[in-house]
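Shown next, in structure tokens, is the structure this report addresses.
Protein chains: 2
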Amino acid sequence: MSSKRITIQDVARAANVSVTTVSRFLNARYEAMSKETKLRIEQVIEELNYQPNALAQGLKGNRSRMIAIVVVKLSYPFCVSLIRALSNTLTPAGYNVVVCETEGDPKREADVLKTLLGQQIDAVVIQTNGDNLAELETISKSVPVILVDRKFMLSHATHVLTDNYEASLEMTNHLYAEGYQEVFYITETPNAISTRSERMQGYLDSSLRCHRPPHVAIVRRGDDTSMRLVVERIKESVSKGSVALYTANALIFHEIYPLLHHVGWTAPKKLGLATFDEPDWINLISPSLTRVRQPVSEMGTWIANLLLQQFKTGYEQPAEMHVEILPSELIKGESTRLGREDGTASDTL
Amino acid sequence: MSSKRITIQDVARAANVSVTTVSRFLNARYEAMSKETKLRIEQVIEELNYQPNALAQGLKGNRSRMIAIVVVKLSYPFCVSLIRALSNTLTPAGYNVVVCETEGDPKREADVLKTLLGQQIDAVVIQTNGDNLAELETISKSVPVILVDRKFMLSHATHVLTDNYEASLEMTNHLYAEGYQEVFYITETPNAISTRSERMQGYLDSSLRCHRPPHVAIVRRGDDTSMRLVVERIKESVSKGSVALYTANALIFHEIYPLLHHVGWTAPKKLGLATFDEPDWINLISPSLTRVRQPVSEMGTWIANLLLQQFKTGYEQPAEMHVEILPSELIKGESTRLGREDGTASDTL
DNA sequence: CTGTTAGCGCATTCAT
DNA sequence: ATGAATGCGCTAACAG
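Chains as they are written, first to last, in full-length UniProt numbering: chain A, 1 to 349; chain B, 1 to 349.
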């Protein structure tokens with residue numbers, strides 16, 4: 001409750017010029033003023049430690065210099081990396097990053113979007129659940145909407161994705177090529193989310209091509225029992241050797257790994273281990289884990305640059321959907337180095 | 001470039017009332033209007049899908065409904081948890097959370113604060129490096145400033161911390177009590193940051209009281225060599241048995257653990273393992289890791305509630321510093337269960 | 001119960 | 001090279 005904010009008025013007064021001139025200065029239109037006035041204003045601003053009121057600027061210009069990034073869960077490494085990348089290029093450019101979490105709840109997502117609209121955000125980057133496409137469509141009429149990670153049929157918007165299908169296919173191929181007779185794919189309940197379905201399809205197609213029967217195991221995260229069931233299920237195969245376990249994402253891997261450890265299976269001797277995603281705890285796993293590294297920060301940077309570009313040239317709702325696919329990378333670790341040795345030994349089962 | 005935003009004017013026109021009445025409606029001053037007008041406005045707003053312009057509201061009321069949370073690094077679990085907790089109570093309350101990263105760089109922090117001031121943010125929650133206290137002091141004159149995690153002598157501000165000293169003392173006591181003859185404390189270069197110095201002091205004081213010589217090892221994160229040196233250094237002690245290794249935070253633990261694993265030491269047989277912090281990958285470590293769990297989300301929630309409170313009653317710069325300490329919790333895992341067995345065996349060294 | 005009006009701080013014609 | 005005046009969308013006196 002004090003020290004009234006200094007406004008452009010104060011600066012104008014102190015510099016003995018009109019607010020217009022100060023405004024010009026703020027917008028770097030130096031051609032339109034004498035060297036001296038420029039200098040004077042510069043000084044005054046420094047002295048008074050003046051900072052233009054972004055709200056007023058925004059109200060006037062119908063923009064807010066705020067960009068919303070809506071993610072499913074902040075605790076997911078994917079989301080954190082994305083936010084970091086966005087923040088790291090947008091903040092220096094003078095934009096603020098507003099973070100929103102939806103927990104995958106359509107209602108929360110709807111609420112968030114509604115609020116955001118009122119906030120006059122300049123762009124929305126969203127990892128959507130797909131239940132508010134109409135709303136997103138509306139938003140995309142006035143500001144850029146970038147769908148990230150998950151693909152949906154939202155025309156007039158930009159999608160930034162990775163090649164989940166190809167990466168998963170390649171991963172599965174690798175596992176078979178390494179000599180694993182059976183590959184178990186551990187996933188959450190298949191649904192319409194593109195990441196989930198594409199990764200699974202990649203696995204299925206690879207199995208088909210390699211003439212191996214697919215083994216899909218469904219688990220629920222946070223449900224220990226469902227994880228244990230999987231371990232039970234693969235027990236017999238493991239005792240026969242040459243089995244690989246491939247989890248659909250790092251979160252699942254994170255939950256099931258301790259159980260594998262607990263029953264004494266170690267990779268790659270007992271079974272091959274692989275996962276989609278590359279979390280930050282990756283190097284705690286030994287032997288080094290075979291995984292698909294998603295280009296998360298690349299995605300963030302790409303998006304940030306696109307936005308800055310669009311802000312510069314002026315945004316227009318795209319005539320059609322644009323899909324940008326950044327490639328994932330298969331990183332082959334020791335955890336799947338079967339080396340074709342006859343997998344018979346079985347001392348810990 | 002299209003669909004001009006609908007304003008309060010449009011609503012007023014459509015509902016056949018004045019903007020004032022609509023404004024009253026928006027601010028839930030229903031007592032001041034007839035049931036019918038209220039209903040009519042309600043309908044119109046629904047139909048038009050009207051959303052008040054937060055910028056204009058903010059400009060008027062000199063607030064922005066934005067709260068800045070400035071952290072050192074988004075990738076730190078501490079920061080993520082804090083943000084989540086803040087976001088989860090502030091977002092439903094209609095506040096947006098703006099996230100800023102400083103990377104511990106004083107200049108970046110200064111920049112961020114400067115920008116934020118212009119954004120008219122309603123509050124700043126900051127994990128500061130301590131190099132911009134004057135600026136923070138200034139900010140705290142107009143909006144709440146909450147220092148979190150790290151303690152500094154900033155009068156007129158609220159600090160939310162955990163009891164680093166006590167927790168570290170208790171941890172070290174525990175290690176000695178378990179029977180470890182020597183406890184190595186692994187830390188980054190000691191500095192003025194309270195968290196770092198207090199944790200170390202806790203360790204030192206416990207050692208003193210227990211009449212054990214302190215062993216402080218300095219490492220640099222990201223510097224593999226410095227980590228290896230530590231492993232070298234404790235080798236001899238380990239061969240004699242009953243040594244515990246206690247890392248000052250989870251990031252250090254994260255880096256040194258693979259090395260320990262590599263040389264074949266396993267806890268608690270070979271050496272006791274303990275760390276400050278409880279990261280999300282904790283359950284990947286086996287045996288279960290002894291650690292200090294910081295009340296991070298509690299801190300976030302506490303702060304969020306304080307802020308909401310202050311917004312309601314109207315903020316006044318506090319007359320004096322307020323320090324709120326939320327207790328950490330020592331979680332005793334298997335990794336330090338020495339059980340007083342004579343630590344002689346040495347088969348893997 | 002309802003409407004008129006004057007700013008909030010800034011950018012922007014349109015003058016000079 | 002510089003200013004005066006207008007309005008962005010909203011809230012809050014101040015009338016009625």
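Quick reminder that beta carbons are idealized off the backbone N, C-alpha and C, glycines included.
Close Cβ partners of residue i (< 8 Å) along its chain, the five nearest in sequence each way excluded
i	result
A/Asp223	none
B/Gln226	Position check: residue 226 of chain B holds Ser in this sequence, whereas Gln was assumed. Excluding positions up to five away in sequence, the list reads Ile218, Val219 and Arg220.
A/Ile146	Ala123, Val124, Val125, Ile126, Ala157, Thr158, His159, Val160, Ile303, Leu306 and Leu307
A/Ile67	Leu86, Leu90, Tyr95, Asn96, Val97, Val98, Ile121, Asp122, Ala123, Val124, Val125 and Leu307
A/Ile193	Asn129, Gly130 and Arg150
Option in the options with minimal Cα separation from residue i
i	options	result
A/Val72	A/Met299, A/Gly333, A/Val148 and A/Val231	A/Val148
B/Leu289	B/Glu298, B/Tyr246 and B/Asn49	B/Tyr246
B/Tyr176	B/Glu47, B/Cys100, B/Ala244 and B/Asp111	B/Ala244
A/Gly61	B/Met66, B/Ile67, B/Ala68 and B/Asn53	B/Asn53
A/His322	A/Pro144, A/Tyr180, A/Tyr203 and A/Lys312	A/Pro144
A/Thr128	A/Gly104, A/Ala134, A/Thr115 and A/Ile83	A/Gly104
A/Ser75	B/Ile69, B/Ile83 and B/Val70	B/Ile83
B/His174	B/Ala274, B/Met299 and B/Val70	B/Ala274
B/Gly264	A/Val263, A/Ser286, A/Asp280 and A/His262	A/Ser286
residue 424 of chain A	B/Asn132, B/Thr102 and B/Ile186	The requested residue 424 of chain A does not occur in the structure, where chain A is confined to residues 1 to 349.
B/Leu133	B/Val17, B/Ser18 and B/Pro106	B/Pro106
A/Met153	A/Glu31, A/Leu136 and A/Ile186	A/Leu136
A/Met299	A/Leu113, A/Ala93, A/Ser142 and A/Ile69	A/Ile69
Proximal chain B residues relative to residue i, where beta-carbon distance stays under 9 Å
i	result
A/Trp281	His254, Pro279, Asp280, Trp281 and Leu284
With 16 other Cβ atoms within 10 Å as the buried cut-off, status of residue i
i	result
A/His211	exposed
residue 361 of chain A	Since the displayed chain A opens at 1 and closes at 349, residue 361 of chain A lies outside it and no answer follows.
B/Ala345	Summary for B/Ala345: the model assigns pLDDT 38, below 50, so the residue's position carries little reliability; its value from the coordinates is reported in the next sentence. Classification of B/Ala345: exposed, given that the 10 Å Cβ count is below 16.
B/Thr348	For B/Thr348, the pLDDT reaches just 32, beneath the cut-off of 50, and the residue's location in the model is therefore unreliable, although a value from the coordinates is still provided. When all chains shown are included, B/Thr348 counts as exposed.
A/Thr195	buried
B/Ala12	buried
A/Ala319	exposed
A/Lys151	buried
A/Asn27	exposed
B/Ile8	buried
B/His262	exposed
Close-in-space but distant-in-sequence residues of the same chain around residue i (CB under 6 Å, 5 per side omitted)
i	result
B/Phe78	Val296
B/Ile256	Met227
B/Ala15	Arg40, Ile41 and Val44
A/Phe25	Ile41
B/Glu278	Arg291 and Arg293
B/Gly202	Tyr165, Ser168 and Leu169
B/Glu198	Asn164 and Tyr165
A/Glu178	Thr336 and Leu338
A/Ile6	Leu48 and Tyr50
B/Gln181	Ser242
A/Thr189	Ile218
A/Ala250	Thr275, Asp277 and Pro279
Residue i: contacting residues in chain A (beta-carbon distance under 7 Å)
i	result
B/Lys114	Gln51
B/Tyr185	Per Cβ cutoff of 7 Å: no residues; B/Tyr185 is ~21 Å from chain A at best.
Cβ-based neighbour list, residue i, same chain, cut-off 7 Å, excluding 5 preceding and 5 following
i	result
B/Trp302	Val160, Glu324 and Leu326
B/Ser140	His156, Ala157 and Gln317
A/Leu259	Met227, Arg228 and Val231
Residue i: contacting residues in chain A (beta-carbon distance under 9 Å)
i	result
B/His261	Leu284 and Ser286
Within chain B, partners of residue i - CB distance below 7 Å
i	result
A/Ala56	Leu59
A/Asn96	Val98 and Gln119
A/Ser64	Leu55
Closer than 8 Å at the beta carbon, the chain B residues around residue i
i	result
A/Leu74	Val80, Ile83, Arg84 and Ser87
A/Pro258	Asn283, Leu284 and Ser286
A/Glu101	Arg84, Ser87, Asn88 and Thr91
A/Gln310	In chain order: nothing, as chain B lies at least about 12 Å away.
Interface residues of chain A facing residue i [CB-CB closer than 8 Å]
i	result
B/Gly118	Gln51, Pro52, Asn53 and Ala54
Decide yes or no for the touch test of the stretch 231-242 of chain A against the stretch 194-211 of chain A: beta carbon pairs closer than 8 Å, at least 3 of them. no
Evaluate the contact criterion for the stretch 106-125 of chain A versus the stretch 267-286 of chain A: three or more CB pairs, one atom per stretch, below 8 Å. no
Report yes or no: do three or more beta-carbon pairs, one from the stretch 318-330 of chain B and one from the stretch 167-178 of chain B, lie closer than 8 Å? yes
Meets three-Cβ-pair contact criterion under 8 Å: the stretch 94-110 of chain A and the stretch 90-106 of chain B: yes
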